[in-house]
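Residue numbers (the numbering used here): 745 to 1219.
Since the structure comes first, as structure tokens, the remarks are kept for the end.
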Ligand SMILES: [Zn+2]
């Protein structure tokens, strides 16, 4: 059986066939970096991580792009409250986001484009829409002309009259149509702005994602993912902009992750009702948080509460105990071994059920069910006088490790290392960069180059930018 994905656009399960069999392209809407991410944001990020891990497990190459919205009203307002620049706040919160994601065992995307680094691409896209008569300029702001896109509303399944009623809530008299939305906002005093053909200003949120997705993944992408709160208007508007500009399908599969709830109501910043991911990670191990977040299918509601987390803790303990007991049987497993014993049969069933669950719209809840059914079977075999042989236990061990690594709930993960060590390492690299910066200011190029070269030998690559040196670990 092939893979199926529930496409929010058609509102049904569809066979998953990537446009290019060589590489699946995924775009996931990332955070607006003005604060730490909460558990609801983490659910969306984790689901994307697991989609990617599973596609890789199935043998696909995947290119994942997750953007960072680093210019927005929320950032500007928060920065003003804190008395720092919007840029400084966005930089700090970007770093916090990467740190939190890493703590959750989320593998970094292939590209994390930042909005402020793609202003020329956004201006080009807006210009294309203006040239096509699909946009208009008023007082230095550029608006998208919704009535030029006949399919507007196809994702959210809203009829024009519903859209009009909704849009009237915030009336901007200057717009031709209440549904029109801004792609370029004319600069206001004391706000960050960039030059454009329409005067200085900044991009609207929707145009950012259209421009960055198309720049890094092309006109048509396979999977576009995001939280369900982004379906309208954000994703509807992304489609309108991109498809009118290119004439091509923008995203072939739209996936939306359901809200996380807390005590029955939606977890969200605007509701003042949230648990920060970093606070949750201070209280529970990574694997417990991951287990909890995928214990329901991503389209189903999930409630954050003590009881659920305690359940996840118990489940992880059972899994770890089982794997610890099996460890001594670890070793190469021959693929051709015939399945003769009950445990060997249970292993085959688990693998088949796991694949079927994940193939059916990434049903992690059922996939976990399959894993824990095998855990019970192993425990029965280990404690009873069953006649199970070493190869059966070795097969069970290997199958459990493989599937748990897809979900990131057990096992050495190359992307993950001890948090304290990582923090310590980051501090040391920053210290070296500071010393190097001092050397550069003294024009002591010898010391500066030595630090750069020696770090390079340790697979730490330094890049000098206008904002100072950045670094990353290279394989
Ligand atoms: Zn987006």
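Idealized CB from N, CA, C, for every residue including glycine.
Residue 964 is positioned such that its CB atom lies no closer than 9 Å to that of residue 808. The stretch 873-880 makes no contact with the stretch 1046-1059, as fewer than three CB pairs between them are under 8 Å. For ligand 1, a non-hydrogen atom lies closer than 8 Å to the CB of residue 970.
In the pairwise beta carbon analysis, the stretch 780-793 is classified as touching the stretch 998-1011: at least three pairs are separated by under 8 Å.
Taking a contact to require three or more Cβ pairs closer than 8 Å, the stretch 1008-1018 and the stretch 764-773 do not qualify as touching.
For residue 859, same chain residues with a beta-carbon under 6 Å away, outside a window of 5 residues either side, are 813, 814, 815 and 952 in chain order. A Cβ-Cβ contact shorter than 9 Å links residue 1206 with residue 1195. Remark: three or more beta-carbon pairs, one from each stretch, lie closer than 8 Å, so the stretch 896-903 and the stretch 970-980 are flagged as touching. Counting only the Cα atoms, residue 1120 lies some 20 Å from residue 1038. Not one heavy atom of ligand 1 is found less than 8 Å from the C-beta of residue 960. Checking the DSSP bridge columns, you'll see residue 812 partnered with 858. Here residue 754 is exposed: its Cβ has fewer than 16 other Cβ atoms, across all protein chains shown, within 10 Å.
DSSP, read as helix, strand or coil, puts residue 1107 in coil. For residue 853, no alpha helix (DSSP H) encloses it, and the DSSP letter there is neither H nor E. The straight-line gap separating the alpha-carbon atoms of residue 830 and residue 934 is approximately 11 Å. Under the three-pair Cβ rule at 8 Å, the stretch 1145-1152 counts as touching the stretch 792-810. Looking at the DSSP output, residue 999 bridges to 969. Here residue 1103 is near residue 746, since their CB atoms are less than 9 Å apart.
Annotated three-state conformation of residue 1043 is coil, per DSSP. Residue side-chain check: residue 928 keeps its Cβ at 8 Å or more from all non-hydrogen atoms of ligand 1. Membership of residue 771 in the beta strand (DSSP E) is indicated by the continuous run 767-772. Residue 940 has its alpha-carbon roughly 50 Å from the corresponding atom of residue 1099. Here the distance from the Cβ of residue 1000 to the nearest heavy atom of ligand 1 is not below 8 Å. Boundaries of the beta strand (DSSP E) harbouring residue 887: 885-888, taken from the DSSP string.
Residue 840 is not a Cβ neighbour of residue 887, given a cutoff of 9 Å. Judged by DSSP in its simplified three-state form, residue 1202 adopts coil rather than helix or strand. Of the residues assessed, residue 1212 falls on the exposed side of the cut-off, its CB having fewer than 16 other CB atoms within 10 angstroms. Relative to ligand 1, residue 862 has its C-beta separated by 8 Å or more from all heavy atoms.
Look at residue 865: its beta carbon is at least 8 Å from all of the heavy atoms in ligand 1. For residue 974, the shortest C-beta to heavy atom distance toward ligand 1 is below 8 Å. Listed by position along the chain, the residues with Cβ atoms less than 5 Å from a non-hydrogen atom of ligand 1 are 773 and 953. Pairing residue 958 with residue 865 gives a Cβ-Cβ distance under 9 Å. Comparing alpha carbon positions, the residue from 833, 1130 and 805 closest to residue 854 is 805.
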